[in-house]
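Enquirer: Sending over a structure as structure tokens; questions will come in a sec.
Now the structure itself:
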């Protein structure tokens, strides 16, 4: 294991929770940016999403 010496610098009781919090924050930010930058995802979460309009838009772009 190449990273075994890391635990000599950072205690596992600090490093593991810090890593998990960093992953949670990154995941939250990715989902927040998806909701803010896409028009259809917010509609989908609120329940007013129409899949037919997305399919018709996709077929228009492909043809």
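In UniProt numbering, the protein residues as written are 1 to 63.
In this text, a Cβ means the ideal position worked out from N, Cα and C, and glycines have one as well.
If you're wondering where the values come from, they're calculated on a predicted model, not measured in any experiment.
1. For a minimum of 4 consecutive residues, which ranges assigned as the alpha helix (DSSP H) are wholly contained in the UniProt domain "Antenna complex alpha/beta subunit" (3-41)?
2. For residue 46, does the three-state DSSP call read helix, strand or coil?
3. Have a look at residue 6 and residue 12 and give me their C-alpha separation to the nearest angstrom.
4. How many angstroms separate the CA atom of residue 50 from the CA atom of residue 30?
Expert: Quick look at the numbers:
1. 12-37
2. helix
3. 9 Å
4. 24 Å
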